[in-house]
Structures are given as C-alpha cells and as structure tokens.
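Only one structure is covered here, and it is reproduced in the block below.
Numbering (this note's numbering), first residue to last: 6 to 163.
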C-alpha cells in the first residue's frame, strides 16, 4: 500500500513519507528487500528530504555484506546534506571509512578531517544555551573519536 502511494503520487510530499514508512514497518509482508528498495528510492528520488537520510542509515547497516562501497558513499553524501546536525560528522566518518575501503586514501583523509572539524564545531556549540546539541554530545564525541582513529590508521593524524 505504501509502495503504491510512492508509485502513484511521486511528486507528492506523501511519497517520501510512504517510502520511509516501509523502512520502519515490522511484519505486514515487508521484507528486507522491500526496505532496501525503499531506501534506494529515497536516496535517488528524494535526496533533498530528511527521509533520504533514514534510507542511508539502512544502507549503512547493510555495508559491506549487501551494499557496495560506491553506493554507500553516494548515500552518505546525500545524508550528510539532509540529516540532523548531530548526525553529519558521522556521515563524513562513513565517507572516510568507505573511501579507505575503496583505496582512495587522500579523499578518505579529506572526509575524516572534515568530520573532525564539524564535530569540534558542534562540541563547541553544544555548550551554547538553546542549541539543543548537548543531548547529542556523546554522539558527536563518538564521531570525533572515530575520525581520529581512522586518521591515525591512515597515517594522517595531527
């Protein structure tokens, strides 16, 4: 039913919502294949909507078993643009990880340095009253730690 909404009313704001619903439904005949197809559509057809980030999360959870590096890299780039602020450094870390796996060291280092910079900025902002970021400090810190770890692994720390 949700797939039908997305198919029939693709330009409607309800289409990405319907595809997102497929990602989170339990049972009701929704298979992992249905979820993967919905995630891919969200990223490809609605890259400027927040729901695309939810699709990217599903792809990230399936890497590297089901999802190839290039596909996750594209999804992470989309998600970095549309996801919540506290999620964005993590998407840069994901990009760095995938680029490392693809043997693209220099690009990986660039992504990881950008992740580090974004995380540090968010850490600073998390102390500002009303920023709403203090709640997510552990998530931001985690992205920073992982970026630093991968930079050291790539011999690019510092």
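Glycine included, every Cβ here is placed at the ideal spot set by N, Cα and C.
Reference residue i; option with closest CA among the options
i           : options           : result
residue 125 : 84, 32, 157, 144  : 144
residue 19  : 108, 47, 41       : 47
residue 122 : 134, 132, 97, 105 : 97
residue 155 : 118, 146, 130     : 118
Host alpha helix (DSSP H) of residue i (start-end)
i           : result
residue 115 : 110-131
residue 19  : 19-29
residue 56  : 55-66
Three-state secondary structure (DSSP) of residue i
i           : result
residue 147 : helix
residue 71  : coil
residue 37  : helix
residue 102 : helix
residue 97  : helix
residue 136 : coil
residue 89  : coil
residue 77  : helix
Where residue i falls, given that 16 or more other Cβ within 10 Å makes a residue buried
i           : result
residue 140 : exposed
residue 100 : buried
residue 27  : buried
residue 162 : exposed
residue 69  : exposed
Assess, as a yes-or-no matter, whether the stretch 84-99 is touched by the stretch 107-114 under the definition of 3 or more beta carbon pairs within less than 8 angstroms.
-> no
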